[in-house]
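Chemist: Residue numbers (our numbering), protein chains in the order written: chain A, 30 to 194; chain B, 30 to 194; chain C, 30 to 194; chain D, 30 to 194; chain E, 30 to 194; chain F, 30 to 194; chain G, 30 to 194; chain H, 30 to 194.
All C-beta atoms, glycine included, are put in the ideal place defined by N, C-alpha and C.
Number of protein chains: 8
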Amino acid sequence: MSAHQDPQVGIVMGSDSDWPTMEAAAQALAEFDVPVEVDVVSAHRMPTEMITYGRTAHERGLRTIIAGAGGAAHLPGMLAAVTPLPVIGVPVPLRHLDGMDSLLSIVQMPAGVPVATVSIGGARNAGLLAARILAAGTDDAARDLRERMLSFQADLAEVAHAKGE
Amino acid sequence: MSAHQDPQVGIVMGSDSDWPTMEAAAQALAEFDVPVEVDVVSAHRMPTEMITYGRTAHERGLRTIIAGAGGAAHLPGMLAAVTPLPVIGVPVPLRHLDGMDSLLSIVQMPAGVPVATVSIGGARNAGLLAARILAAGTDDAARDLRERMLSFQADLAEVAHAKGE
Amino acid sequence: MSAHQDPQVGIVMGSDSDWPTMEAAAQALAEFDVPVEVDVVSAHRMPTEMITYGRTAHERGLRTIIAGAGGAAHLPGMLAAVTPLPVIGVPVPLRHLDGMDSLLSIVQMPAGVPVATVSIGGARNAGLLAARILAAGTDDAARDLRERMLSFQADLAEVAHAKGE
Amino acid sequence: MSAHQDPQVGIVMGSDSDWPTMEAAAQALAEFDVPVEVDVVSAHRMPTEMITYGRTAHERGLRTIIAGAGGAAHLPGMLAAVTPLPVIGVPVPLRHLDGMDSLLSIVQMPAGVPVATVSIGGARNAGLLAARILAAGTDDAARDLRERMLSFQADLAEVAHAKGE
Amino acid sequence: MSAHQDPQVGIVMGSDSDWPTMEAAAQALAEFDVPVEVDVVSAHRMPTEMITYGRTAHERGLRTIIAGAGGAAHLPGMLAAVTPLPVIGVPVPLRHLDGMDSLLSIVQMPAGVPVATVSIGGARNAGLLAARILAAGTDDAARDLRERMLSFQADLAEVAHAKGE
Amino acid sequence: MSAHQDPQVGIVMGSDSDWPTMEAAAQALAEFDVPVEVDVVSAHRMPTEMITYGRTAHERGLRTIIAGAGGAAHLPGMLAAVTPLPVIGVPVPLRHLDGMDSLLSIVQMPAGVPVATVSIGGARNAGLLAARILAAGTDDAARDLRERMLSFQADLAEVAHAKGE
Amino acid sequence: MSAHQDPQVGIVMGSDSDWPTMEAAAQALAEFDVPVEVDVVSAHRMPTEMITYGRTAHERGLRTIIAGAGGAAHLPGMLAAVTPLPVIGVPVPLRHLDGMDSLLSIVQMPAGVPVATVSIGGARNAGLLAARILAAGTDDAARDLRERMLSFQADLAEVAHAKGE
Amino acid sequence: MSAHQDPQVGIVMGSDSDWPTMEAAAQALAEFDVPVEVDVVSAHRMPTEMITYGRTAHERGLRTIIAGAGGAAHLPGMLAAVTPLPVIGVPVPLRHLDGMDSLLSIVQMPAGVPVATVSIGGARNAGLLAARILAAGTDDAARDLRERMLSFQADLAEVAHAKGE
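1) Quick one, which of F/G43, F/D45, F/P64 has its alpha-carbon nearest F/A170's?
2) How would you list, in chain order, the residues of chain E whose beta-carbon sits under 8 Å from the beta-carbon of F/M51?
3) Between H/I95 and H/I40, is the Cβ-Cβ spacing less than 9 Å?
4) Would you call F/Q56 buried or exposed, if buried means 16 or more other Cβ atoms sit within 10 Å of its Cβ?
5) Can you tell me the Cα-Cα spacing of H/A32 and H/S44, whole angstroms?
6) Along chain B, in chain order, which residues have C-beta atoms closer than 7 Å to that of H/D45?
7) Runs of 4 residues minimum, wholly inside the stretch 66 to 112 of chain G: which ones carry the alpha helix (DSSP H) assignment?
8) Can you tell me where the beta strand (DSSP E) with C/V136 in it begins and where it stops?
9) For chain B, is any of its Cβ atoms less than 9 Å away from the one on D/V136?
10) Inspect the beta-carbon positions of A/H190 and C/E88 and report whether they are closer than 9 Å.
11) Just the chain E side, please: which residues come within less than 9 Å of F/T81 by C-beta, in chain order?
12) Under a Cβ-count criterion, where at least 16 other Cβ atoms within 10 Å of its own Cβ denotes burial, should D/P36 be classed as buried or exposed?
13) Under a Cβ-count criterion, where at least 16 other Cβ atoms within 10 Å of its own Cβ denotes burial, should C/S71 be classed as buried or exposed?
14) Tell me the rounded alpha-carbon separation between A/D47 and A/A159.
15) Is B/G90 buried or exposed, if buried means 16 or more other CB atoms sit within 10 Å of its CB?
16) Quick check on F/P122 - is its C-beta less than 9 Å from some C-beta in chain D?
17) Quick one: measure Cβ to Cβ for E/A98 and E/M138, integer angstroms, because I've assumed they're closer than 8 Å.
18) Looking at the ligand COA, does it come within less than 8 Å of B/L108, judged from the CB to the closest heavy atom?
19) At a CB-CB cut-off below 9 Å, which residues of chain A make contact with G/S148?
20) Please state whether the Cβ-Cβ distance between H/R153 and H/A86 is less than 9 Å.
21) Whole angstroms are fine: how far does the CA of B/G106 sit from the CA of B/A149?
22) Counting only Cβ pairs nearer than 7 Å, list the residues of chain C close to D/H87.
23) Just to make sure I have the definition right: I need the residues of chain B whose C-beta is within less than 9 Å of the C-beta of A/I117. Which are they?
24) Below 7 Å CB to CB, which residues in the same chain sit around D/P122 once its five sequence neighbours on both sides are set aside?
25) My output table needs one value for B/S31: the three-state DSSP class, helix, strand or coil.
26) Counting only beta-carbon atoms, is H/R153 nearer than 9 Å to chain B?
27) Would you say D/A110 lies against chain E (beta-carbon separation less than 9 Å)?
28) Looking only at DSSP bridge pairs, what is E/I40 linked to?
29) Confirm, please, whether the CB-CB distance from C/V147 to C/E119 is below 9 Å.
30) Here's a check: name, in chain order, each residue in its chain whose Cβ is nearer than 7 Å to the Cβ of G/M30, leaving out the five neighbours to either side.
31) Check the Cβ-Cβ distances between H/D168 and every residue of chain G, and say whether any is below 9 Å.
32) Of all the CB atoms in chain E, is at least one closer than 9 Å to the CB of G/V69?
33) Within 9 Å of any Cβ in chain A, is that where the Cβ of C/M75 sits?
34) With distances taken from CA atoms, which of C/H103, C/A186, C/A164, C/V188 is nearest C/H73?
35) So F/V116 and F/V144 are in contact, right, with Cβ under 8 Å, and what is the actual spacing, rounded?
Right, dumping it as structure tokens:
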């Protein structure tokens, strides 16, 4: 899985079984033409690679990381511990507890190491949040992205409005 | 409550009773010399002002909003609905349910309108997340901020390490 | 979706996907010949229209609002913030957490802005509660409605009793 | 406990130990000059009187009932079963479970018998909701009350706004 | 639904939709040849009959009541309020919350009015508990029943043991 | 701890630290002049004695057992496994989780082995339930006890009623 | 169910209906060539055999016990009370509550009697934990097993890594 | 903090503020004369040291690791990912949620990486579990330790028994 331009957002997940959930993050960023890279990086099964991934992410040009994980979901928090980039955590619901364990394992981080948590299974919002983060920059690309986000929000309203007619 | 430079982060809360919790967000950003503005903006008691605050935030130069709220905590989500900026939500624990209601009301946003949720009472992390978001930019200020974030993380390790001796 | 007489109750929901749940509210009010209007009004996707809807509801002759929403369910509370009418909130269960997030996001409102919350998925009861509210009035129509509510309750007993035979 | 005018709202609770919580309902209604009656009516300890209270409430001129109860909180639902009036339930938090048992026992009513549930310990909102219900009527008193509710909401905004200065 | 001998245990439920759950109570008692009566008695839809049922139960010769209910499950507690007999409550799981609301609404009774609560959906155990209660008597029938309960327990062990071979 | 007459109810608990909670069971039974025996019998620290206690309880003349335990509360269920007597379980709240773990560990028993569970910390109701069980017998003592239970309930109503005056 | 060599780990469960869950423990140990014995040993249906099983386990050469149970899951804790061996508890999810009751009933053990609890339905991890425990020994077999565990972990990383390519 | 002999158990925690909870693990092992080492090793603040600690633990002669952590408690799971040793996780309760977040973050580990979880705040049991693990070995020291564990359990029974007299 890759993208032609230099990726700005890294989308990682603990297992490829998380992809059906996480795909929506990639799709949301594609709608905004934000180039991404997608990887399986497991905190528990390949901890060294995971830490290397996090430590080098900003050096490789990534500006935000989206990490999905389920159960005792340690990936987002561990990446947040080793990168200065904003890390967005997606609680992936597994077979039991409906994602509540994933949510608490991701959101209840100790002071010093924030993870920007979205809703259970909320990968699309993770992508949109990454787009907002890039749009919070000061260059022209950010300004363009912010305009597109405003259009996107106007469209949301339009569609919702149409449903009420 | 204000700051001399043009504020880059808006910190808002539904009630001034949330200030003891939210103060830590302002303090974290002060450690990174990020100028902030602080306001009481209630989704439920002054909805029009709240929407105006959100709609104009990026026009006034804000680049990220931190919103704290408790119980049926609607402020972060409503602001996220009317601004293209990243919105960070802080679940403020109230008298009952220990912040679980605040957490779910903030994090479980519908697709299209993300809120970057931090831990219950995690205002310090909200401030640090805002700093990471500003540091994800492409200009010199962002680069400087990113360096400071790396130093900050090194210091965290140092202090933690010292405690183990 | 509309009704021939001047509507007395407004039934709104954040998305047309809530209609299978919310339909039961309209049906309950139809049993009592209470004219309703039904709309999709999203707090998160069309916040301005939502606020306008709430602000003008009593001016347009509505006497009660029923609002259904799921997840971080902000619609009932936001409408309650901008209308003097009683607002009935229906927690719509979504894919995860079985409606517990919806329930807490609707019921845990701060002092000053009440939402009359019914059970998870309890749209039929929302309709019946609206009928009781109209029946609490002082005019002849209210008196008639109250009589019909008493008959309805007698019928409930009758049917339940018959099942026990 | 009583009131000089014909009471329009009955405030009942299962035990006088609930009064410190429930008092706020009476106070809210006093702010709107709505005459109330206050009683201890236990579903579990005086079921016959409870049912009589409910059955006769509308005949005695009451137009809304506010019922507070904790734990396996049956009072609001049982009253709703025997009166055609709107019944507002206040989950009173007891020593364990922080009111979650009270909330679920009140809000999860079966189809046919609605209870308008407010937040855990939310007796003030129960009073305000009762005022809104009376204000949903068609006579002059209702119109006056609606005007006062609008002023009340404007005041809320004013006070909240002032705190942000 | 009835039984030839004078029934000793009354099995009641709020709705005939609870029968698939509650049937196991009747079956367990049939295994011990304890005559039962089965009725639909709804706390919310036929409160007067419910109270009459409870008040007269011991006069009609019943010695224990088993009551199943779901959601805001008031039937076991209300019966316990009006009978001196032991009341066994069965939390019936409904469509949402997996019976947790039913469990808390039944078990969290106030001091003075006990309900003997069994597991969610645990109607078979409710029947067995009723048999143990009858077996706690002092007459010959009780002694016989106690012997049969000991045999039943020995059989349980036998069957479980056989599975391990 | 003992009683002069032949005890009819055994009150046991896993640790003497449960006594402040469990004392209310003994007190309730004392109000009905039911002789009890009280013991510390730990499922986890003295399993053999616990099983002997359970196995011999009915032989020693006990007719009901009340068992209090907290956390992974195994005492009531293990006693129920080895006695034909009705076992009443009292979930004792410990330092964390407010008794929810105790409640689930006691009430969620498998089919075949019922425990009559009362509310978290509800030892007084456990005592009253034991009295009702004894009162469900067929001899004169049971009849007397049933009469006293009816008086007790009338008194409850009286006291509750007086509070409402 | 048995094994040719002297078993080192005993795998027990309350009912053969737990086998589909527990099978993964046996399989994991088979991958490490650890001989096991598998039995149905019910705390509630065959308490004496259960206690005998536990008391004699270390005498029969077992070095670790894995116990799976659901609902009010008493088997792991009761075995831990009667054996000096490490006991690993597997919360088996039953029909309701998604294993949360099983988890709390197993993990919340009182001081003095530890159970090594794994995730809900986590029998494979129970097997791997048993292998780690055996590998913590001081003899050659332990050293070999530790090497194999290191290989196993390297393989996990390999497979996870391959998925990310 | 250290010990004279070669430590066999490593006790680590994310912050020295966890020491009041974790101290009981050290104390339990001291009662069994098991030499331990105690360290602050934070998964989030010093991830590299944490991984080094885990990777080298068995090489340094440790045979079991006890790790305490609170909130999004990643330390036990991350250590389990990099060591072949058994890792015991202690959920430390923090200011909110009473340790439920800590418990789920520790126990809900993915297949392949087990953590032996004890109760919320259950550090004493973590120590006792470590002792049982060492006692599961095959050498004389293990046999001695197992004997002492049996004595310890006999003492527990003795003390519990004495309290019941």
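Modeler: According to the data block:
1) Counted from its first residue, the sixth sequence places residue 170 of chain F at position 141. Closest option to F/A170, Cα to Cα, is F/P64.
2) Position 22 of the sixth sequence, counted from the start, is the residue given in the question as residue 51 of chain F. Here the premise fails: no neighbours, minimum Cβ distance about 14 Å.
3) In the eighth sequence, residue 95 of chain H corresponds to position 66, counting from 1. In the eighth sequence, residue 40 of chain H corresponds to position 11, counting from 1. Between H/I95 and H/I40, the C-beta gap is smaller than 9 Å, which places the two residues in contact.
4) Residue numbering aside, residue 56 of chain F sits at position 27 when the sixth sequence is read from its first letter. Residue environment analysis places F/Q56 among the exposed positions, since fewer than 16 neighbouring C-beta atoms fall within 10 angstroms of its C-beta.
5) Your numbering for residue 32 of chain H matches position 3 in the eighth sequence. Your numbering for residue 44 of chain H matches position 15 in the eighth sequence. Annotation note: pLDDT 43 at H/A32 (below 50); position unreliable, no value reported.
6) The count along the eighth sequence starts at 1 and reaches residue 45 of chain H at position 16. From the beta-carbon of H/D45, the residues of chain B found nearer than 7 Å are K192.
7) 76 to 86, 104 to 111
8) For the purposes of this step, residue 136 of chain C is taken as residue 107 along the third sequence, with counting starting at 1. Run containing C/V136: none in the beta strand (DSSP E); it sits in the alpha helix (DSSP H), 129 to 136.
9) On the fourth sequence, position 107 is the one that residue 136 of chain D refers to. No, its Cβ sits nowhere closer than 9 Å to a Cβ of chain B.
10) For the purposes of this step, residue 190 of chain A is taken as the residue at position 161 of the first sequence. For the purposes of this step, residue 88 of chain C is taken as the residue at position 59 of the third sequence. Not in contact: A/H190 and C/E88 (Cβ atoms no closer than 9 Å).
11) Translated into positions along the sixth sequence, residue 81 of chain F becomes position 52. Scanning chain E for C-beta atoms nearer than 9 Å to the C-beta of F/T81 yields nothing, as the closest lies near 16 Å away.
12) Residue 36 of chain D sits at position 7 when you count from the first residue of the fourth sequence. Classification of D/P36: buried, given that the 10 Å Cβ count is 16 or more.
13) Here residue 71 of chain C is taken as the residue at index 42 of the third sequence, counted from 1. Counting Cβ neighbours within 10 Å, C/S71 comes out buried, since at least 16 surround it.
14) The residue given as residue 47 of chain A occupies position 18 in the first sequence. The residue given as residue 159 of chain A occupies position 130 in the first sequence. If I take the Cα positions, the gap works out to 19 Å.
15) In the second sequence, counting from the first residue as 1, residue 90 of chain B sits at position 61. It is exposed - the Cβ of B/G90 has fewer than 16 other Cβ atoms within 10 Å.
16) For the purposes of this step, residue 122 of chain F is taken as the residue at position 93 of the sixth sequence. By this cut-off, F/P122 is an interface position.
17) Residue mapping note: residue 98 of chain E aligns to position 69 of the fifth sequence, counting from 1. Residue mapping note: residue 138 of chain E aligns to position 109 of the fifth sequence, counting from 1. No, E/A98 and E/M138 are not in contact; Cβ-Cβ is about 13 Å, not under 8 Å.
18) Here there are no bound small molecules, and the ligand COA is not part of this structure.
19) By one-based count along the seventh sequence, residue 148 of chain G stands at place 119. Result: G100, A101, H125, D130.
20) Working through the eighth sequence from its first residue, we reach residue 153 of chain H at position 124. Working through the eighth sequence from its first residue, we reach residue 86 of chain H at position 57. The answer is no: Cβ separation not under 9 Å.
21) In the second sequence, counting from the first residue as 1, residue 149 of chain B sits at position 120. In the second sequence, counting from the first residue as 1, residue 106 of chain B sits at position 77. One detail in the question is off: residue 149 of chain B reads as Ile in this sequence, not Ala. Spanning the two alpha carbons is a distance of roughly 16 Å.
22) Translated into positions along the fourth sequence, residue 87 of chain D becomes position 58. The contacting residues are R175.
23) Here the question's residue 117 of chain A lines up with position 88 in the first sequence. Residues of chain B passing the Cβ test: P143, A145.
24) For the purposes of this step, residue 122 of chain D is identified with residue 93 of the fourth sequence, where counting begins at 1. If we look at D/P122 and ignore the five residues flanking it on each side, its Cβ neighbours are G99, G128, S131, I149, G150.
25) In the second sequence, counting from the first residue as 1, residue 31 of chain B sits at position 2. Reliability fails at B/S31, whose pLDDT of 43 lies under 50, so the model's placement of it is uncertain and the value that follows must be treated cautiously. Here B/S31 sits in coil by DSSP.
26) Within the eighth sequence, numbered from 1, the residue matching residue 153 of chain H stands at position 124. No - not a single Cβ of chain B is within 9 Å of the one on H/R153.
27) Here residue 110 of chain D corresponds to residue number 81 of the fourth sequence, with the count starting at 1. Output row for D/A110: interface = yes.
28) If you number the fifth sequence from 1, residue 40 of chain E lands on position 11. Bridge partners of E/I40: E/V67, E/I95.
29) As a first step, residue 119 of chain C is located in the third sequence; it is residue number 90 there, counting from the start. As a first step, residue 147 of chain C is located in the third sequence; it is residue number 118 there, counting from the start. A small correction: the amino acid at residue 119 of chain C is Val; Glu does not occupy that position in the sequence shown. In terms of Cβ geometry, C/V119 and C/V147 form a close pair [threshold 9 Å].
30) For this step, residue 30 of chain G is matched to residue 1 along the seventh sequence. Bear in mind that a pLDDT of 40 at G/M30, under 50, signals an unreliable position, so the model cannot answer this.
31) Sequence index remark: in the eighth sequence, residue 168 of chain H carries index 139 (1-based). So, interface residue.
32) Here residue 69 of chain G refers to the residue found at position 40 of the seventh sequence. Between G/V69 and chain E, the shortest Cβ-Cβ separation is below 9 Å.
33) Within the third sequence, numbered from 1, the residue matching residue 75 of chain C stands at position 46. Interface residue, yes.
34) Locating residue 73 of chain C in the third sequence gives position 44, where the first residue counts as 1. Nearest option by C-alpha distance: C/H103.
35) Counted from its first residue, the sixth sequence places residue 116 of chain F at position 87. Counted from its first residue, the sixth sequence places residue 144 of chain F at position 115. In this structure F/V116 is in contact with F/V144, their Cβ atoms being roughly 5 Å apart against a cut-off of 8 Å.
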